[in-house]
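Structure, as structure tokens:
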Amino acid sequence: KNQVEQSPQSLIILEGKNCTLQCNYTVSPFSNLRWYKQDTGRGPVSLTIMTFSENTKSNGRYTATLDADTKQSSLHITASQLSDSASYICVVSVKAGNMLTFGGGTRLMVKP
Amino acid sequence: SQTIHQWPATLVQPVGSPLSLECTVEGTSNPNLYWYRQAAGRGLQLLFYSVGIGQISSEVPQNLSASRPQDRQFILSSKKLLLSDSGFYLCAWSVSSGGRSYGYTFGSGTRLTVV
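Those protein sequence lines, which keep their order, are chains A and B. The first sequence: position 13 = 13 (the working numbering), numbered continuously. The second sequence: position 62 = 1062 (the working numbering), numbered continuously.
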């Protein structure tokens, strides 16, 4: 069964600190992995997308890594800002398909 | 560039009333279209997807239905809402090429409260 597990479920950090969110998946055959940021009451917005051959991809203060051998991904947020408070969702898609498997998300709260 | 529009942003409806949520996509042709529901504090659940006009696949049996009257229009409906239909509804689109999907962009969502 295709599954995406994210940890931690929630996280509180102080403004300016770094944090790392984890994503483990069992989706097969793997096509790509996306990280989305979802502000409360809004639709998810794509941060990064990585294919099998990509190990890391950055988008500003967000850096995603992918280890296709261990089927793990992480999202590292550097120098956090209050506006980083949101849910971060890991999403994996299979080859030759349009369906995505969603993780449950990590709810991040950045405090001043 | 491609954009996706979803409305209304919020909706409060009484139990037993009908529902119609609309989603349109601009800037692309023959997109794959999706309706998701997100319960409070939960992940996204795929409700319907469509790969073309009049082609609807249902992932979860429920009180809702979907229609695609035009290439870039996707509608989520219900004849009689239940309290359990409350939630955050998201429309999304993607484009398929060479067996892979591209884009996968979400709309801004509709917060539905059934009272």
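Idealized CB from N, CA, C, for every residue including glycine.
Query                                                                                                                            : Result
Interface residues of the region 1014 to 1039 of chain B facing chain A [CB-CB below 7 angstroms]                                : 1032
Proximity below 8 angstroms, CB of residue 80 (chain A) to CB of residue 15 (chain A)                                            : yes
Own chain, CB closer than 7 angstroms to residue 1051 (chain B), minus 5 neighbours either side, in chain order                  : 1032
Buried versus exposed, by CB contacts within 10 Å (16 or more), residue 1060 (chain B)                                           : exposed
Residue 1011 (chain B) - DSSP class collapsed to helix/strand/coil                                                               : strand
Coarse secondary structure for residue 39 (chain A), derived from DSSP in three states                                           : coil
Contact between the region 103 to 111 of chain A and the region 1020 to 1027 of chain B (3+ Cβ pairs under 8 angstroms)          : no
Any C-beta of chain A under 8 angstroms from that of residue 1108 (chain B)                                                      : yes
Secondary structure of residue 67 (chain A), DSSP reduced to three states                                                        : strand
Chain-ordered neighbours of residue 1044 (chain B) on chain A, where CB pairs are closer than 7 angstroms                        : 102
Straight-line Cα distance separating residue 45 (chain A) from residue 112 (chain A)                                             : 24 angstroms
Assigned secondary structure, residue 1083 (chain B) (DSSP; H/G/I helix, E/B strand, else coil)                                  : helix
Start-end ranges of the alpha helix (DSSP H) lying completely within the region 1030 to 1074 of chain B, minimum 4 residues      : none
Near-chain A residues of the region 1073 to 1093 of chain B (beta-carbon distance less than 7 angstroms), N- to C-terminal order : 1090
Chain-ordered chain B contacts of residue 105 (chain A) [CB-CB under 7 angstroms]                                                : 1043
Cross-chain neighbours of residue 44 (chain A) in chain B, by beta carbon under 7 angstroms                                      : 1106
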